[in-house]
Amino acid sequence: MELGSSILENISVAGDAAHISDKAFISLVQAACQGVLLEEHRNAVAENPAFKDTDKAILKEAYSGLVTLILEAAKHDSSEQNISSVLEDCKFTTDRISSFAKEFLPQKPHVQLLLGKISSSFPHIVDVDWRLDYYIKNNHLEKVNSAVYLISLKTEVPGSNDIQEVQFSCSLEQLQDLVGKLKDATKCMEKLTQG
Amino acid sequence: MLLVFEDSHKEHLSFLVGLEPEVLREFCKISMNFIRKGTNPKVFQGAAQKLGVSAESVQHGVEGLMYLLTESSKMMLNEIDFQDSIMTLGFDDDTRTTLLEVYLSQRKDIRDILNEVSMDLPHYHNLEWRFDVQLSSRSLRHQVSPSILLQLQTQEDGEKKTQMLQTDPVNLIHLTSVLEEALQEMKSGYCRRIVRNIK
Chain A
19 MELGSSILEN
29 ISVAGDAAHI
39 SDKAFISLVQ
49 AACQGVLLEE
59 HRNAVAENPA
69 FKDTDKAILK
79 EAYSGLVTLI
89 LEAAKHDSSE
99 QNISSVLEDC
109 KFTTDRISSF
119 AKEFLPQKPH
129 VQLLLGKISS
139 SFPHIVDVDW
149 RLDYYIKNNH
159 LEKVNSAVYL
169 ISLKTEVPGS
179 NDIQEVQFSC
189 SLEQLQDLVG
199 KLKDATKCME
209 KLTQG
Chain B
130 MLLVFEDSHK
140 EHLSFLVGLE
150 PEVLREFCKI
160 SMNFIRKGTN
170 PKVFQGAAQK
180 LGVSAESVQH
190 GVEGLMYLLT
200 ESSKMMLNEI
210 DFQDSIMTLG
220 FDDDTRTTLL
230 EVYLSQRKDI
240 RDILNEVSMD
250 LPHYHNLEWR
260 FDVQLSSRSL
270 RHQVSPSILL
280 QLQTQEDGEK
290 KTQMLQTDPV
300 NLIHLTSVLE
310 EALQEMKSGY
320 CRRIVRNIK
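Protein sequences, first through last, are from chains A and B. Heads up, the first sequence is in the numbering used here, so the first residue is 19 and it goes up one at a time. Heads up, the second sequence is in the numbering used here, so the first residue is 130 and it goes up one at a time.
Okay, structure coming up:
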């Protein structure tokens with residue numbers, strides 16, 4: 019994990035007892051973790067009564083430093099040791115290093131989960147509905163008499179909250195072909211995970 | 130099931146009565162071409178000159194024949210019903226046999242053509258898949274997320290459409306098993322009973 023000098027400065031501000039009291043520090047780390055994880059806690063530092071005695075400009079610097087550290091440490095999956103050495107360089111006391119680790123490390127997997135979601139991807143299939151019809155006749159043709167499946171793939175698209183649908187129809191033979199190919203894929207995947 | 134002819138249709142078909150078998154076959158061939166590719170009035174003129182009749186009666190004969198063949202194919206008439214249907218039109222045995230032969234040999238083609246003009250839903254054409262493992266992204270390094278990329282080809286009115294989709298192992302297994310169940314459903318007693326009873 020490599021951080022720019024201005025970021026390191028901001029982190030140092032958070033660790034400096036002259037700017038941020040011990041009590042306010044723990045609240046700040048908690049607020050930074052919550053701010054990363056939950057949208058409604060984002061930028062909710064200014065109104066937080068825990069920081070009423072802290073200078074607003076200082077608070078802003080410290081908060082941005084901690085948020086960047088949290089995101090970068092999660093992004094690179096940094097170990098406690100890694101994080102400690104960064105914080106040591108920023109002149110954190112051992113107490114503050116361990117309280118940062120205590121607050122942040124349990125949240126790291128959650129932050130990583132969110133970071134993992136940020137990516138472009140094709141519509142992701144999450145479910146499927148099907149319906150079986152028996153096609154009897156139409157205005158041009160009597161006695162068609164064949165099975166028709168209507169398949170609706172439910173997909174999630176990154177950046178959208180709605181479930182989208184991909185719909186198409188299949189004859190019995192076409193569905194056999196489709197299922198055959200999906201089974202191939204499943205088998206291949208199972209082989210890979212076993213080997 | 131029998132075909133019911135309207136008077137005008139009977140009149141048009143009456144032109145075919147008494148034609149030589151070869152000539153009738155030629156007419157059948159022309160009718161099939163027209164069913165496949167659309168009509169071509171020039172042909173009527175030529176045939177009318179050869180036979181020494183009016184172009185209009187040739188046109189009516191061919192159109193009557195086209196209607197007879199498409200309607201019978203549409204209804205999927207069996208051999209006996211087809212013969213019974215044309216019984217009253219005054220054809221001799223040879224003509225009836227020729228018509229039956231033509232009908233039976235062309236029925237599948239005509240039904241395919243009728244199927245093409247029928248309403249079409251976007252339907253499955255092909256599926257390609259590949260297995261990937263995502264290792265890293267701009268926002269998160271050190272990942273191991275398996276994903277299955279699917280390229281789905283569907284077809285509607287002869288036009289193919291390709292869509293890229295993806296899924297994860299759990300959903301792939303789910304998708305496969307749900308669609309397999311769907312496939313099995315067609316073999317269930319209930320569905321087989323319905324299929325048996327709709328004839």
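Ideal placement from N, C-alpha and C gives every residue a C-beta, glycine not left out. Note that the structure is a prediction, hence the values are computed from the model and not measured.
Please name the residue in the options whose C-alpha comes closest to that of residue i.
| i | options | result |
| --- | --- | --- |
| lysine 203 of chain B | A/Ala119, A/Asn157, A/Cys206, A/Glu174 | A/Asn157 |
| alanine 32 of chain A | A/Gly22, A/Gln52, A/Leu87, A/Glu65 | A/Leu87 |
| glutamine 185 of chain A | B/Arg322, B/Arg154, B/Leu250, B/Val187 | B/Leu250 |
| isoleucine 239 of chain B | A/Ile25, A/Leu131, A/Glu160 | A/Glu160 |
| asparagine 163 of chain A | B/Cys320, B/Glu185, B/Thr227, B/His189 | B/Cys320 |
| leucine 168 of chain A | A/Ser178, A/Glu174, A/Leu150 | A/Leu150 |
| leucine 229 of chain B | B/Cys157, B/Lys290, B/Phe134, B/Glu285 | B/Cys157 |
| glutamate 257 of chain B | B/Gln280, B/Ser274, B/Met315 | B/Gln280 |
| phenylalanine 260 of chain B | B/Glu208, B/Pro298, B/Phe173, B/Val191 | B/Pro298 |
| glutamine 192 of chain A | B/Lys171, B/Ser183, B/Asn255 | B/Asn255 |
| leucine 123 of chain A | A/Val63, A/Ala50, A/His59 | A/Ala50 |
| alanine 42 of chain A | A/Lys74, A/Ser24, A/Glu174 | A/Lys74 |
| methionine 161 of chain B | B/Val182, B/Gly147, B/His141, B/Glu192 | B/Glu192 |
| lysine 126 of chain A | B/Val152, B/Leu269, B/Ser234 | B/Leu269 |
| glutamate 208 of chain A | B/His141, B/Ile277, B/Lys289 | B/Ile277 |
| glutamate 79 of chain A | A/Asn100, A/Arg60, A/His37 | A/His37 |
| serine 186 of chain B | B/Leu148, B/Thr217, B/Gly167, B/Lys166 | B/Leu148 |
| tyrosine 196 of chain B | B/Asp286, B/Gln313, B/Ile159 | B/Ile159 |
| glutamate 135 of chain B | B/Thr217, B/Glu151, B/Glu155 | B/Thr217 |
| isoleucine 242 of chain B | B/Asp286, B/Glu208, B/Asn207 | B/Asp286 |
Could you please give me the residues that DSSP links to residue i through a beta bridge?
| i | result |
| --- | --- |
| leucine 168 of chain A | A/Arg149, A/Ser187 |
| isoleucine 181 of chain A | A/Glu174 |
| arginine 154 of chain B | Looking at the DSSP assignment, arginine 154 of chain B forms no beta bridge with any residue, so it has no partner. |
| isoleucine 295 of chain B | The question names isoleucine, but residue 295 of chain B is glutamine in the sequence shown. DSSP lists A/His142, B/Leu278 as partners of glutamine 295 of chain B. |
| tyrosine 253 of chain B | B/Thr283 |
| arginine 259 of chain B | B/Leu278 |
| glutamate 288 of chain B | B/Glu285 |
Measure the CB-CB distance between residue i and residue j and report whether it falls below 8 Å.
| i | j | result |
| --- | --- | --- |
| leucine 194 of chain B | leucine 145 of chain B | yes |
| leucine 131 of chain B | aspartate 210 of chain B | yes |
| leucine 294 of chain B | proline 141 of chain A | yes |
| threonine 204 of chain A | isoleucine 164 of chain B | no |
| serine 143 of chain B | glycine 219 of chain B | yes |
| valine 197 of chain A | serine 170 of chain A | no |
| glutamate 90 of chain A | leucine 21 of chain A | yes |
| leucine 190 of chain A | methionine 315 of chain B | yes |
| isoleucine 327 of chain B | isoleucine 154 of chain A | yes |
| isoleucine 115 of chain A | leucine 105 of chain A | yes |
| serine 82 of chain A | asparagine 28 of chain A | yes |
| isoleucine 25 of chain A | asparagine 300 of chain B | no |
| leucine 304 of chain B | threonine 296 of chain B | yes |
| asparagine 61 of chain A | glycine 53 of chain A | yes |
| leucine 312 of chain B | glutamine 194 of chain A | yes |
Spatial neighbours of residue i within its chain, please: CB distance less than 7 Å, with the 5 preceding and 5 following residues excluded, ordered by chain position.
| i | result |
| --- | --- |
| tyrosine 253 of chain B | Thr283 |
| tyrosine 232 of chain B | Leu198, Ser201, Phe211 |
| serine 30 of chain A | Cys108, Lys109 |
| isoleucine 215 of chain B | Arg225, Leu228 |
| histidine 128 of chain A | Leu55 |
| leucine 77 of chain A | Val63, Phe69 |
| glutamate 155 of chain B | none |
| threonine 72 of chain A | Ile38, Ala42 |
So, at 8 Å on beta carbons, what are the nonlocal neighbours of residue i in its own chain, with the 5 sequence-adjacent residues on each side left out?
| i | result |
| --- | --- |
| glutamine 272 of chain B | Gln263, Leu264, Ser265, Ser266 |
| glutamate 121 of chain A | Ile44, Val47, Gln48, Cys51 |
| glutamine 188 of chain B | Pro170, Phe173 |
| methionine 205 of chain B | Arg236, Arg240 |
| glutamate 140 of chain B | His189 |
| histidine 182 of chain A | The residue asked about is misnamed: residue 182 of chain A is glutamine in this sequence, not histidine. Correct list, in chain order: Pro141, Lys172, Thr173, Glu174, Val175. |
| tyrosine 152 of chain A | Asn163, Ser164, Ala165, Val166 |
| serine 306 of chain B | none |
Note down, in chain order, each residue of its chain lying with its Cβ closer than 6 Å to the Cβ of residue i, except the 5 sequence neighbours on either side.
| i | result |
| --- | --- |
| alanine 8 of chain A | Absent from the structure is residue 8 of chain A, since the part of chain A shown begins at 19 and ends at 213. |
| alanine 184 of chain B | Phe173, Gln174, Ala177 |
| glycine 190 of chain B | Phe144, Leu145 |
Of all the CB atoms in chain C, is at least one closer than 8 Å to the CB of residue i?
| i | result |
| --- | --- |
| histidine 94 of chain A | Protein chains in the displayed structure are A and B, and chain C is not among them. |
So is the beta-carbon of residue i under 7 Å away from any non-hydrogen atom of the ligand MG?
| i | result |
| --- | --- |
| valine 133 of chain B | Looking at this structure, you won't find the ligand MG or any other ligand, since it has none at all. |
Open item on the list: For the region 94-105 of chain A against the region 133-147 of chain A, do three or more pairs of beta-carbon atoms, one drawn from each stretch, fall closer than 8 Å, so that the two count as touching?
Closed with: Cβ pair count under 8 Å is below three, so no.
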